[in-house]
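There are 2 protein chains.
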Amino acid sequence: MTVAKEFEKSNQKYVDQFAKGDLALPPSRKVAVVICMDARIDPAKALGLEEGDAHVIRNAGGRATDALRSVIISQRLLGTREIVVIHHTDCGMLTFTDESLRKQLVSEADENVDHFAFLPFNDLEKSVVDDVKFFKKNSLVLDVPVSGYVYDVKTGAINKVI
Amino acid sequence: MTVAKEFEKSNQKYVDQFAKGDLALPPSRKVAVVICMDARIDPAKALGLEEGDAHVIRNAGGRATDALRSVIISQRLLGTREIVVIHHTDCGMLTFTDESLRKQLVSEADENVDHFAFLPFNDLEKSVVDDVKFFKKNSLVLDVPVSGYVYDVKTGAINKVI
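Taken in order, these protein sequences are the chains called A and B.
Residue numbers for the first sequence follow my numbering, so the first one is 2 and each next one is one higher.
Residue numbers for the second sequence follow my numbering, so the first one is 2 and each next one is one higher.
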């Protein structure tokens, strides 16, 4: 059985008790969270988010450049006015380099991906600072509060970096 | 008070009852979910995901092209072997065009963004099919099951498209 089929079964339970059909499209707390796709992180539980509260943008590493399109849409069309960047301990992005992954893809897929930036990092706190600064300096992003945290996968805690 | 400060307070409650400090980095259910950043969607609740289960990649619209970097990392470095694409009713991506948003950014930010693809769509089911096909045809993506759903924000239900 595919996991998709399992999702359909689990979703039925969610539907049976669903009572949030009247929420507005714009996030009520006017915030966009940019956070890693890591399986161990449940942003809603970890941050106290209810349905309707916040845009949650997730990608490998929680990288800002990769989230720019979404943040522009979030701010310009849907009214968010704060950004929270969250990277995390034991992140997969700490385990490789562009060079190593490019070599792997040449070997496994016979594809030259020298043009592809996979956005790994080797300094976790610096990556948070870099991504907060990316948003603060980007002329397409509104001048709003931007803060940066490291989520600790061992404790569930978010620790402020900037 | 910033929402970030509110997150810190909510996070303390999560930490106080946290008991998932030993989860492995690779997702245990070997699946990557690509889903919109929309505030009304809680993927974990809607799909029955526990911490550790799945990569959750979220962007404006849940678009595949924007998720490609993350999916490559998810598959090649962290072992996922299935993709589930989920777009949703009443999506913000149905409300604008590249042309309209580019004009808005020229007007509001004095920036020419003719190079920027914001990836809106005007046919919801077609956008799901397009994005599933994008993954199926991309030579950097492994040949794994890929399915596509529409999430109904009025009912909480996921309805299979492809």
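Cβ coordinates follow ideal geometry from the N, Cα and C atoms, glycine included.
(request) Could you please tell me which residues of the region 122-139 of chain B, in chain order, have their CB closer than 9 Å to any CB of chain A? (result) none
(message) Measuring only the C-alpha atoms, how far is T156/A from K21/A?
(response) Counting only the Cα atoms, K21/A lies some 31 Å from T156/A.
(request) Using a cut-off of 9 Å between C-beta atoms, extract the partners of K104/B located in chain A. (result) Near K104/B there are no residues of chain A at all, since even the closest Cβ is about 11 Å away, more than 9 Å.
(message) In whole angstroms, give me the CA-to-CA distance for K14/B and K104/A.
(response) When rounded, the distance between both Cα atoms is 43 Å.
(request) Output the boundary residues of the beta strand (DSSP E) element that contains K161/A. (result) 159-161
(request) Would you mind giving the Cβ-Cβ distance between T66/B and F119/B, rounded to the nearest angstrom? I have them listed as a contact below 8 Å. (result) That belief does not hold up - the Cβ atoms of T66/B and F119/B are roughly 11 Å apart, past 8 Å.
(message) Would T56/B pass as an interface residue toward chain A - the criterion being a Cβ-Cβ separation below 8 Å?
(response) In the sequence on display, residue 56/B carries His and not Thr. Yes, because at least one Cβ of chain A sits closer than 8 Å to the Cβ of H56/B.
(request) Assign T98/A to one of two classes, buried (16 or more other C-beta atoms within 10 Å of its C-beta) or exposed (fewer than that). (result) exposed
(request) Use the C-beta contact count for K6/B: other C-beta atoms within 10 angstroms, 16 or more gives buried, fewer gives exposed. (result) So K6/B ends up on the exposed side.
(request) Would you kindly work out how many angstroms separate the C-alpha atoms of F8/A and L143/B, rounded to a whole number? (result) Those two C-alpha atoms are separated by around 21 Å.
(request) Please specify which runs of the alpha helix (DSSP H), each continuous and at least 4 residues long, are wholly inside the region 85-137 of chain A, giving them in chain order. (result) 99-110
(message) Alpha carbons only, please: which of V151/B, D153/B, V145/B is nearest the one belonging to T3/A?
(response) V145/B
(message) Taking the beta strand (DSSP E) that R59/B belongs to, which residues open and close that run?
(response) 55-60
(request) Could you say which of L102/A, L50/A, R41/A lies nearest to D39/B if we only look at CA atoms? (result) Checked all of L102/A, L50/A, R41/A; the closest Cα to D39/B is L50/A.
(message) Residues of chain A with CB closer than 9 Å to the CB of T98/B, please, in chain order.
(response) Within chain A, no residue comes near T98/B; the closest Cβ sits about 12 Å away, beyond 9 Å.
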